[in-house]
Every structure is written in structure tokens, then in C-alpha cells.
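2 protein chains.
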Amino acid sequence: MVEQSLRLDFIFGSLADPTRRDILRRIAKEEMSITEIAKPYKMTFAAISKHLKILEKAKLIAKKRQGKQQVVHLTPATINDAAEYLKEYEKIWNQRLDLLEKYLSTFPT
Amino acid sequence: MVEQSLRLDFIFGSLADPTRRDILRRIAKEEMSITEIAKPYKMTFAAISKHLKILEKAKLIAKKRQGKQQVVHLTPATINDAAEYLKEYEKIWNQRLDLLEKYLSTFPT
DNA sequence: TTATCATTCAACCAAATGGTTGAACAATCT
DNA sequence: AGATTGTTCAACCATTTGGTTGAATGATAA
Numbered sequence: 022m023v024e025q026s027l028r029l030d031f032i033f034g035s036l037a038d039p040t041r042r043d044i045l046r047r048i049a050k051e052e053m054s055i056t057e058i059a060k061p062y063k064m065t066f067a068a069i070s071k072h073l074k075i076l077e078k079a080k081l082i083a084k085k086r087q088g089k090q091q092v093v094h095l096t097p098a099t100i101n102d103a104a105e106y107l108k109e110y111e112k113i114w115n116q117r118l119d120l121l122e123k124y125l126s127t128f129p130t
Numbered sequence: 022m023v024e025q026s027l028r029l030d031f032i033f034g035s036l037a038d039p040t041r042r043d044i045l046r047r048i049a050k051e052e053m054s055i056t057e058i059a060k061p062y063k064m065t066f067a068a069i070s071k072h073l074k075i076l077e078k079a080k081l082i083a084k085k086r087q088g089k090q091q092v093v094h095l096t097p098a099t100i101n102d103a104a105e106y107l108k109e110y111e112k113i114w115n116q117r118l119d120l121l122e123k124y125l126s127t128f129p130t
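Shown next as C-alpha cells:
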């Protein structure tokens, strides 16, 4: 499953940048045109266009044309995949809480 | 909350690399010495040491000395934070799907 | 068709990332 | 103390990343 791993590279790579997380947060509330998305940031429009390209490659967002402008919205399936990945770890932790407690007690307080 | 955002930078940045995800996966099953962690990878020991530094900075792992060697284990709280972050998005999507369903149900079948 | 608005592309730059090698340091064993 | 095992550090290199500017393209409105 090399492709699967690559997908996670893109997803987590996208989420590693604060501007991109902020964009996701904003379009989660309501879909927006690219110009509208770019407005609050101090960087250039081209920089935002690049960020959107990265989010699109990770399939975290999608664009659709609406007349002159393009409207951006979240792609539900993808963050779900990332969440599923992290849930595996939560499961392991829950199974091993007793052991973890032992580890933690070895640290100085 | 700039620090919080920075923490997410580190967490997701860590998870964006396949070698680091693989290390997490392996030590999730059982804690391991650094030498043991490094064994299966083709890259140098120093490279693995760097990857561990990155995971440590993100607080996804912690080391403790056990005699001559250092043993690495997961840090439970941190992935939880990332999972919480992603859960917010799942919540939003679920709300939207509910609305969509409600909307669709107003039409005759 | 031309002007205008919305967006991307290309070329460039500085800084960060992921790797290498070889020397240095830490802890234990003899 | 010296040898051995385990791990990090420093210097270096190639590639990627996140930004810039200015020109080019796409779609609609006049």
C-alpha cells in the first residue's frame, strides 16, 4: 500500500502548516471563493493559490467553478482517513493504559 | 494560542513522514531501544536519530535511559490532541450530512 | 471584441528538510 | 583506566517548501 502511505504524507503534510489549517477551518464553516479565502492573509494571492493546490492534491478540498469564480469546499472523506489513522493509536493506548502508567511513573516529577 | 498552533505544526509535520509513522507504529506495539528501532531501515543510524529527535520535539515519543541504552515509547497525550483536532472536522461534516438528509427528505420519493 | 475580474504559471530566492560521513560523548564492563 | 557499546553532534549536500514578482490564461460582462 505505497499509495496509501503517500496519501497520508500529503494529508499530514497539508495539516502541518498553520495557514492551511486556518483555511480548512474557515471553509469548514462555509464554502468560499478563492479570492475570499485569500483576503485575511498578509501573503500574496499567488501564495494562497499554492496552499490551495497542496490541499487539493491531498484531496482535503475541491474546487468547483461558479460563473467567473471558483468556489472551494472541504472533501469529507479525507480528514476521516487521517482520523482513522490516529484512532488506531488511541485504541492501542486504551488497551495499554496500565503499562503506560508504569512508564510514566519512571519519570521525575 | 500561538503555541498550540505550533504544537500542531510539529505533530502533523512528524506524521507527514513515512519513516516516522512506521517508527510510531512499531513502538506502539512495544517499547524499543534506539538501536532496535533503527535496524530495519536502510538509512544511517544518525538519520534515525534525527527522526527520533523530531518525534520527541513533537512530544509523540519520549526516551528513558535503561542502563547503557535508551528506550523509546509513545507519549499518549499527543496523538490524542491531533485526533481531537480532526474530530472537530468530522463533527462539522456530520452536521452537514444531517442537514442535507433533512433537506432531501422534504422531497417526495 | 474588448475590458475586466479571477486565478494560475514561471522564474526566482531563502530557509527548512532529509540524508550522508566522521568525530565526539555517555554509560557500562573488564 | 581502557575498551566497548549506544547515541548524538557538526559539517556538509541535494531537494523541497513557502514565499515573492510579474506575465499569462480563463471566463464573463459590456
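Residue numbers (our numbering), protein chains in the order written: chain A, 22 to 130; chain B, 22 to 130.
We treat Cβ as the ideally placed atom computed from N, Cα and C, and that holds for glycine.
Do you know offhand how far residue i's Cα is from residue j's?
i: Phe31(A); j: Ile75(A); result: 8 Å
i: Lys60(A); j: Ser54(A); result: 10 Å
i: Ile58(A); j: Thr40(B); result: 34 Å
i: Gln25(B); j: Lys71(B); result: 23 Å
i: Lys50(A); j: Tyr62(B); result: 43 Å
i: Lys85(B); j: Asp38(A); result: 30 Å
i: Lys112(B); j: Thr99(A); result: 14 Å
i: Arg46(A); j: Gly88(B); result: 47 Å
i: Lys80(A); j: Leu95(A); result: 9 Å
i: Ile69(A); j: Thr56(A); result: 9 Å
i: Asn101(B); j: Val92(B); result: 22 Å
i: Glu52(A); j: Pro97(A); result: 13 Å
i: Ile44(A); j: Lys108(B); result: 17 Å
i: Thr65(B); j: Lys78(B); result: 20 Å
i: Ser126(B); j: Ile48(B); result: Interpretation of Ser126(B) is limited by its pLDDT of 40, a score under 50 that renders its predicted location unreliable; the figure taken from the coordinates is listed afterwards. Each residue's alpha carbon lies about 48 Å from the other.
Throw me the rounded Cβ distance for the residue i and residue j pair, which I believe falls under 8 Å.
i: Arg42(B); j: Leu29(A); result: 7 Å
i: Phe33(B); j: Leu27(A); result: So it is not a contact: roughly 16 Å between Cβ atoms.
i: Ala104(A); j: Ala104(B); result: 6 Å
Counting along the chain, where does the beta strand (DSSP E) carrying residue i start and finish?
i: Lys85(B); result: 82–87
Note the first and the last residue of the continuous alpha helix (DSSP H) segment covering residue i.
i: Glu57(B); result: 55–59
i: Asp43(A); result: 39–50
i: Ala79(A); result: Segment: none, Ala79(A) is in no alpha helix (DSSP H) and carries neither H nor E.
Legend entry - Positions along the segment 26–51 of chain A whose CB lies within less than 9 Å of some CB in chain B: Ser26, Leu27, Leu29, Asp30, Phe31, Ile32, Phe33, Gly34, Ser35, Leu36, Ala37, Asp38, Pro39, Arg42, Asp43, Leu45, Arg46, Ala49, Lys50
Inset, instruction - Note down, in chain order, all residues in the segment 100–111 of chain A with a beta-carbon under 7 Å from any beta-carbon belonging to chain B. - result: Ile100, Asn101, Ala103, Ala104, Leu107, Lys108, Tyr110, Glu111
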